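Okay, so the sequence shown: first residue is 4 according to the numbering used here, each after it adds one.
Even for Gly, the Cβ is constructed at its ideal location relative to N, Cα and C.
These numbers come from a predicted model, not from an experiment.
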Amino acid sequence: MEPTGIDGGREWRTIMDQTVQIRRAVPFGESIENTFGSTDRDQPIMHQNDVWSTGLAYHLGIMSDQTVHAANLLKLDYLVEARSLPSRCPIVDVHTHLSGKDAVRCYQEVAEAYGITLTYSMTPLEQVETVQSILGDRVRFIAVPDFAGEDRLHAHGEGFLDRIRSFHKLGSRIVKFWSAPRGADYGIESGHPGLLSLDSPQRLQAMDLASELGMIFMTHVADPDTWFETKYADSDLYGTKRAQYEPLEKLLARYKQPWIAAHMGGWPEDLAFLDGLLERHDNLHLDTSATKWMVRVLSTHSHEQLTAFLRRWKGRILFGSDIVTREEHMAPVDRLPTDPEPQASSPAEAFDLYASRYWALRTLWEGNYEGPSPIADPDLEMVEPERFGPLDSPRLAGKRIPDELLESLYHDAAVTLLAPDRDMARS
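So, in structure tokens, the structure goes:
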């Protein structure tokens, strides 16, 4: 797939040539257009005095014109955006990674603003108590191994079995098996090639235990097509993209409990392939997490194609964001000149980082906006470095998905699958 993008070197405010406007914090008395085109309800217009009087600890309004943040290229005020969105139903986010006390408090503000009533998080076991103390009944935890453990064989063997038991005692009913192609590097570095293969002996032991405990499986297989063009060009090491699904399909047949394949099953670029995968395995569900990937790829599908896919698989597609919170997002950290630029280094930047994901996803699913995404996407530069830079973004094309499909995507599919949490999701 040839990526399309917006030249980040141009002035963002001069390229808004779409047919609808972007909502921004506006001066007193200036009105702004409802970009979602809703005709069945009035939507409030927020002005700067409304925003500044909210008293939120982390939201500080839009940044100065001199600041260009990779999560807010369009200089949106994400709180204004959130308060202008129609509230169709409570939203369950089945895919996040929450950690860091202040970072989670910042996420809490964002989640409440964007209508997220229940969040499933791959939080390290050591931070579960902290995250629970902040979010209370609005969070559930997904069992994960200790990826930072020095003894990687233990961390993904007996250590993971111990953690699955501990997470289960804390109420977790989902266990995550991460098996992206780059896991091959992790295994080689540990001295145990194949350690993170989906069908490795260690993984099968963990799946057997999780099955005995009645847990649902979540998995990450494959990665964007752009990565197979670049990072995974060595197919002898990483395999082809199609080869990533061979162990998955065998395990879907072996373990009959529900599975959630993250990131639209790893292949949002090919809806026909996903049709076949879902048709062959009635215990398979997909989530829509990985915001930059989803925005870049799903925007290229037509409204008719995406709506038909969601209608055919209604009840088996769940909303997810893949938001990652870290305490390092809350303040500048010491780093070497060769270290990558941090995603956020202040409370305001962290707010924008987390909020940008919900704004982009809700705009993709609900809106009629068509224009640049506010989130820089490094995959563009990775594939075409002569054309794109680090602050370029793809087009975001809102799909105006019908309400009954949105309600299934945002809420009903997750609540049906994760029945024990039904009451909490509605609170």
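Helix, strand or coil at residue i [DSSP, three-state]
i: Cys109; result: helix
i: His332; result: helix
i: Met125; result: coil
i: Arg155; result: helix
i: His98; result: strand
i: Leu281; result: helix
i: Ser136; result: helix
i: Arg143; result: strand
i: His288; result: strand
i: Ser169; result: helix
i: Ala264; result: strand
i: His306; result: helix
i: Val54; result: At Val54, the pLDDT of 32 sits below 50, so the modelled position is not reliable and the matter cannot be decided from this model.
i: Lys179; result: strand
i: Leu321; result: strand
i: Val327; result: strand
Beta-carbon proximity of residue i to residue j, cut-off 8 Å
i: His306; j: Arg403; result: yes
i: His431; j: Pro261; result: As displayed, the chain neither begins before 4 nor continues past 430, which places residue 431 out of reach and without an answer.
i: Ser324; j: Arg299; result: no
i: Leu321; j: Asp290; result: yes
i: Leu408; j: Lys259; result: no
i: Val386; j: Thr233; result: yes
i: Ala353; j: Ala106; result: yes
i: Val147; j: Lys179; result: yes
i: Glu373; j: Gly392; result: no
i: Gly269; j: Ala225; result: yes
i: Leu198; j: Ser182; result: no
i: Tyr81; j: Val97; result: no
i: Tyr241; j: Pro184; result: yes
i: Arg141; j: Gly174; result: no
i: Gly152; j: Gly139; result: no
i: Ala114; j: Arg86; result: no
Residue i classed as buried or exposed, judged by whether at least 16 other C-beta atoms fall within 10 angstroms
i: Arg390; result: exposed
i: Ile191; result: exposed
i: Leu339; result: exposed
i: Phe220; result: buried
i: Phe39; result: The predicted model places Phe39 with a pLDDT of 34, which falls under 50 and marks its position as unreliable, so this point remains unresolved.
i: Glu272; result: buried
i: Phe170; result: buried
i: Glu344; result: exposed
i: Thr126; result: buried
i: Lys78; result: buried
i: Phe150; result: exposed
i: Thr3; result: Given that the chain is displayed from residue 4 to residue 430, the structure contains no residue 3 and the question cannot be resolved.
i: Gly160; result: buried
i: Leu301; result: buried
i: Asp406; result: exposed
i: Thr341; result: exposed
i: Asp154; result: exposed
i: Val336; result: exposed
i: Gly370; result: buried
Own chain partners of residue i with C-beta closer than 7 Å, once the 5 adjacent residues on each side are dropped
i: Leu281; result: Leu287, Trp316, Arg319
i: Thr133; result: Lys104
i: Leu212; result: Leu164, Ile167
i: Pro227; result: Trp296, Asp382
Residues of its chain near residue i, where Cβ-Cβ distance is below 8 Å and the 5 sequence neighbours each way are ignored
i: Leu274; result: His304, Gln308, Leu309, Phe312
i: Thr222; result: Lys179, Phe180, Trp181, Ser182, Leu201, Leu251, Trp262, Ile263, Ala264, Ala265
6 Å CB neighbourhood of residue i in its chain, flanking five on each side removed
i: Tyr413; result: Cys92, Ile94, Phe322
i: Ala293; result: His266, Asp325
i: Pro196; result: Gly190
i: Gln208; result: none
i: Pro250; result: Leu201, Asp202
i: Leu356; result: Ala74, Gln346, Ala347
i: Leu216; result: His171
i: Asp382; result: Thr229
i: His431; result: For residue 431 there is no data in the structure shown, the boundaries of the chain being 4 and 430.
Within the segment 339 to 416, ranges of the beta strand (DSSP E) (whole runs, at least 3 residues) = Secondary structure within the segment 339 to 416: the beta strand (DSSP E) runs of 3 or more consecutive residues, fully enclosed, are 373 to 375, 398 to 400 (chain order).
What are the uninterrupted segments assigned as alpha helix (DSSP H) that are 4 or more residues long and contained completely in the segment 197 to 243, given in chain order?
-> List check, alpha helix (DSSP H) in window: 204 to 215, 228 to 232, 238 to 241.
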